[in-house]
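*Asks:*
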Amino acid sequence: MSGIRFALYGGPADSLQHLILLVRQRPYMHWVLPTMAGRKATGKLERSLLLESTEALQLPALVAQGPCQQAYEPFPATGGGLRAAIASGRMLLTFSGAEITGTYSFIRLHATSLAWLLSPVTYLTGKQPGNVNVSGAKSGVALFRHG
């Protein structure tokens, strides 16, 4: 079982949501996103800009939660693998919650930016997502496209 989980919280004004990655049930990474990017009826997150936050926001409503795994990791995700992916500014995460499912790319806009691009990933038919290196922009292009 993966030691990484995700939680998505919403606020009463319904304008912002807070996405948290948790490692061993402890908050590890925080992003703020517009509510319009949150869960659709299909259980998918929409393409959006996320703003990295240093602390948890006090948003009362839990919108979604569940296990999370780094895509293409053969073993359950660990904090070390997640730290390396965040440091690189590029990661693919698969969410497996009851409310939100799917694989998403998280790409930091530039090395010192607090802004990340969140995009759903759609695998192209006939391609095997084997040895994918998400650190190079060209390496994953043949294997997936952003939806």
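Its first residue numbered 4, the sequence shown is counted upward by one per residue in our numbering.
Cβ atoms here follow ideal geometry from the backbone N, Cα and C, with glycine treated the same way.
Keep in mind the model is a prediction, meaning the values are calculated, not measured.
#1: Relative to the C-alpha of Tyr-31, which residue among Ala-90, Ser-108, Gly-82 and Thr-125 is closest?
#2: Nearest-angstrom Cα distance between Gly-100 and Ala-87?
#3: Given this structure, state the Cα-to-Cα distance separating Gln-28 from Gly-69, to the nearest angstrom.
#4: Using 10 angstroms around the beta-carbon of Tyr-12, count the other beta-carbons present and answer buried if the total reaches 16, otherwise exposed.
#5: What are the uninterrupted segments assigned as beta strand (DSSP E) that are 3 or more residues long and contained completely in the segment 17-91, given in chain order?
#6: So Thr-97 and Ala-74 are supposed to be a Cβ contact under 8 Å. How far apart are they, rounded?
#7: List the residues that DSSP assigns as beta-bridge partners of Leu-120.
*Replies:* Here's the rundown:
#1: Gly-82
#2: If I take the Cα positions, the gap works out to 24 Å.
#3: Distance between the alpha carbons of Gln-28 and Gly-69: 11 Å.
#4: buried
#5: 19-26, 29-37, 51-56 and 64-73
#6: 5 Å
#7: Leu-52 and Ile-110
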